[in-house]
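Quick mapping for you: the protein sequence lines, in order, are chains S and F. Numbering that gives the first Met the number 0 applies: residue 0 is where the first sequence begins, and numbers increase by one. Numbering that gives the first Met the number 0 applies: residue 0 is where the second sequence begins, and numbers increase by one. Structure first, commentary second.
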Amino acid sequence: MSTILQVEEQRQGNIPVLLLRGRMDSTTSPEAEGQLNRLIGEGAQHIVIDFSDLEYISSAGLRVLLAAQKRMKQTGGTVLLAALRPEIRKVFDIAGFNRLFSISPSIEEALGTGQGR
Amino acid sequence: MPADPVNEFIVLFQMMCVVVVFAYLVTRTRFYQEVLDGILTWKNQVLLILVFGIVSVYGSMSGIEILGAPLNIRDTGPMVAGFIGGPVAGIGAGLIGAAYRMTLGGFTMVACSVATLLSGLIAGLIYLAHRREIPGLAVGVAAAIIIEGVHMGLVLLFSRPFSQAVALVSDVAFPMIAANAVGIFIFGFITLNLKKEKETARERDRYQGELQRKNAELHIAREIQESFLPPALPSLPGYTLAAESRPAREVGGDFYDVLASPGGRIGLVIADVSDKGVPAALFMALSSTVMRASAAWHQKPGDAVQDANSLIARESSSGMFVTLFFCLLDPDKGTITYVNAGHNPPILVRNDGTSISLSMTGMALGVDTSESYEERSLSLCPGDLLVLYTDGVTEAEDSLHRQFGEERLESIARQKRSHSAAEVLATIQSEVSMYTNAMPQYDDMTLVVLKVGS
């Protein structure tokens, strides 16, 4: 188990895909926040976040995603979350954030959602 | 003494050793450190003149004589005085050095004396040109080379017979220039190092002062935050109630509240602001105040939470949110009506050992202004135990990052259900700290426990 968060950026077509690996908490999430803000600043319409390697998310991590979602909404964009592990999914469910984000079982489906819009 | 390169080198080396020792000693004196701090009182200027005048005299005395003119570092003293104290100090030290040189006589007497005076003046002017700051090492050494060049020029200009002057200059020019440049380098190096050390120390002191002030502020913030929590819990006939909040840092984002409502009802609140530390604490202050006011205004918990949400959501930029559980207990009827706004589901353990979790009835507060909150009701029976908690409890981790978890919490609650609220709370806390062992508390941790019956 790691105590860090690695953020890796890839592109699928013109949609940026952020791969989060490790733990997203108050210590580690500022870096992800910086990356998200940069992508939004560059005018990304959709951002896909790959959760398959994320082990833990705290409320600080949720806050970063929520802030990104709020910013994206202003320009009609969305944050698409994909491949959440069950324990991560539960954190979203408890707070009621499953209604707030588009959550897909896999990257491919998330990309389909992004392109379909 | 004949001009012998080896002998010259040895003498020069000895001179430099004296310069090093002298530079070290003088930089330890209080007056010199004051001068470095820019405190150029008359007393300090006089001391500069005397000390570096003596250095200049030593420069003359330690020199080796070549054709009646000593190879020397007489100009180094006045230059240092000028570089660190300005023209007055430079000229003053130069005057002492020059006066001594005059007593030595020789055909270069006038040229050498004037040169010593000039070296103090030029260094002082460079100091002024640097806006009364000590020039850097490179500037100082370059200036020393130029000044010694001027010195040689003066010898050629004023000393007669000219042929002797030429012979002297061609003999001593290079070692003179080199010796004074090295002298300035040594003084400059030690002085600038000291200055840097002093600046670093000052920076560190400032940083430490800042840190102390911040810590003091955080301490006050903590006290203020604690004052937002109920000072004492009401005693409810037929029930026991216990609550405690432990922030992970000085201040935190968790809070709980116990509110008296019309008709003898009691409102219980537990909440957790996203993230922790100061930002969470500020948002906690807002949220707890809004919730308290809204609960006092509305009869129905659903309306109270809905109103609180729309107020909080309006203030929430940067994605801050707060998960909150609010229930109204009617002690006489033994019922609770609750709203769960995205909070970790409280655990209700029945007298018979079965348990239910009071799951979400609406989204966390601060996200969507138009969110509406459903309320649900339950009947409590004697022996029932209600445990409200924040995720700091269930997400507490051992050294292998394994979480304490809801199952463990629920099983403690079930086992201890016949105990009083205070006992259950203490057991949960000690189980969590045993589980995490020596790991530092990572997140704010809050528990509110209600027991039906004593």
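Even glycine gets a Cβ: it sits at the ideal position worked out from N, Cα and C. None of these values were measured; they are calculated from a predicted model.
{"Item": "Are three or more beta carbon pairs between the region 241-261 of chain F and the region 34-45 of chain S nearer than 8 Å?", "Value": "no"}
{"Item": "Where does residue 116/S land, buried or exposed, given buried means 16+ other C-beta within 10 angstroms?", "Value": "Caution applies to residue 116/S, whose pLDDT of 47 falls short of 50 and renders its modelled position unreliable; the value that the coordinates give is listed next. So residue 116/S ends up on the exposed side."}
{"Item": "Just checking my contact of residue 340/F with residue 388/F at CB under 8 Å: how many whole Å lie between their CB atoms?", "Value": "At roughly 15 Å, the Cβ-Cβ gap does not stay under 8 Å, so residue 340/F and residue 388/F are not in contact."}
{"Item": "By a C-beta neighbour count over all protein chains shown, 10 Å radius and 16 as the cutoff for buried, is residue 161/F buried or exposed?", "Value": "exposed"}
{"Item": "Around the C-beta of residue 128/F, are 16 or more other C-beta atoms found within 10 angstroms, so that it is buried, or is it exposed?", "Value": "exposed"}
{"Item": "Residues of chain F with CB closer than 7 Å to the CB of residue 63/S, please, in chain order.", "Value": "318"}
{"Item": "Measure from the alpha carbon of residue 110/F to the alpha carbon of each residue in 156/F, 137/F, 428/F, then state which is nearest.", "Value": "156/F"}
{"Item": "Within 10 Å of its beta-carbon, does residue 401/F have 16 or more other beta-carbons around it, so buried, or fewer, so exposed?", "Value": "exposed"}
{"Item": "Can you find a CB in chain S that lies within less than 7 Å of the CB of residue 341/F?", "Value": "yes"}
{"Item": "Note down, in chain order, all residues in the region 267-285 of chain F with a beta-carbon under 8 Å from any beta-carbon belonging to chain S.", "Value": "271, 272, 273, 274, 275, 276"}
{"Item": "Let me check one thing: in DSSP terms, what residues is residue 399/F bridge-paired to?", "Value": "Partner(s): none; residue 399/F has no beta bridge."}
{"Item": "For residue 116/S, would you say it is in contact with chain F, using Cβ-to-Cβ distances shorter than 7 Å as the test?", "Value": "Unreliable placement is indicated for residue 116/S, whose pLDDT of 47 sits below 50; the coordinate value is still reported in the next sentence. It does not: the Cβ of residue 116/S has no partner Cβ on chain F nearer than 7 Å."}
{"Item": "How about residue 72/F and residue 89/F: do their beta carbons lie closer than 7 Å?", "Value": "no"}
{"Item": "Run down chain F in chain order and give the residues with a C-beta less than 8 Å from the C-beta of residue 99/S.", "Value": "362, 366, 367"}
{"Item": "Taking the alpha carbon of residue 23/S as the point to measure from, which residue in 80/S, 103/S, 4/S, 50/S has its own alpha carbon closest?", "Value": "4/S"}
{"Item": "So, with DSSP's three-state summary, where would you put residue 159/F?", "Value": "coil"}
{"Item": "Quick check on residue 256/F: buried or exposed, where buried means 16 or more other Cβ atoms within 10 Å of its Cβ?", "Value": "buried"}
{"Item": "Counting only beta-carbon atoms, is residue 31/S nearer than 7 Å to chain F?", "Value": "no"}
{"Item": "Take the Cβ of residue 254/F as the centre, count every other Cβ of all protein chains shown within 10 Å, and call the residue buried at 16 or more, exposed below.", "Value": "buried"}
{"Item": "Going by DSSP, which residues form a beta bridge with residue 238/F?", "Value": "451/F"}
{"Item": "Mind the definition here: the region 144-154 of chain F touches the region 44-57 of chain F only if three or more C-beta pairs lie below 8 Å; say whether that holds.", "Value": "no"}
{"Item": "Using DSSP with H/G/I as helix, E/B as strand and the rest coil, what is residue 216/F?", "Value": "helix"}
{"Item": "Cα separation between residue 356/F and residue 221/F?", "Value": "32 Å"}
{"Item": "If we define contact as Cβ-Cβ less than 7 Å, is residue 105/S a contact residue for chain F?", "Value": "no"}
{"Item": "Would you list, in chain order, the members of the region 75-98 of chain S that have their beta-carbon closer than 8 Å to a beta-carbon of chain F?", "Value": "92, 93, 94, 95, 96, 98"}
{"Item": "For residue 59/S and chain F, any beta-carbon pair shorter than 7 Å?", "Value": "yes"}
{"Item": "Assign residue 433/F to one of two classes, buried (16 or more other C-beta atoms within 10 Å of its C-beta) or exposed (fewer than that).", "Value": "exposed"}
{"Item": "Taking all protein chains shown into account, decide if residue 192/F is buried (16 or more other Cβ within 10 angstroms of its Cβ) or exposed.", "Value": "exposed"}
{"Item": "Compare the beta carbon distance of residue 108/S and residue 63/S with 7 Å and say whether it is the shorter of the two.", "Value": "no"}
{"Item": "Using DSSP bridges, identify the partner residues of residue 339/F.", "Value": "324/F"}
{"Item": "Going straight from the alpha carbon of residue 81/F to that of residue 215/F, what length do you get?", "Value": "46 Å"}
{"Item": "Beta-carbon within less than 6 Å of residue 440/F's beta-carbon, same chain only, minus the 5 sequence neighbours each way: which residues are those?", "Value": "247"}
{"Item": "Hey, residue 261/F and residue 374/F are a contact pair by Cβ (cut 8 Å); roughly how many whole angstroms apart?", "Value": "With a Cβ gap of about 17 Å, residue 261/F and residue 374/F do not count as contacting."}
{"Item": "Please check if any C-beta of chain S sits within less than 7 Å of the C-beta of residue 393/F.", "Value": "no"}
{"Item": "Please report the straight-line C-alpha distance between residue 352/F and residue 383/F, rounded to a whole angstrom.", "Value": "9 Å"}
{"Item": "Only counting the same chain, and skipping five residues up and downstream in sequence, which positions put a Cβ closer than 7 Å to that of residue 112/S?", "Value": "79, 101, 103"}
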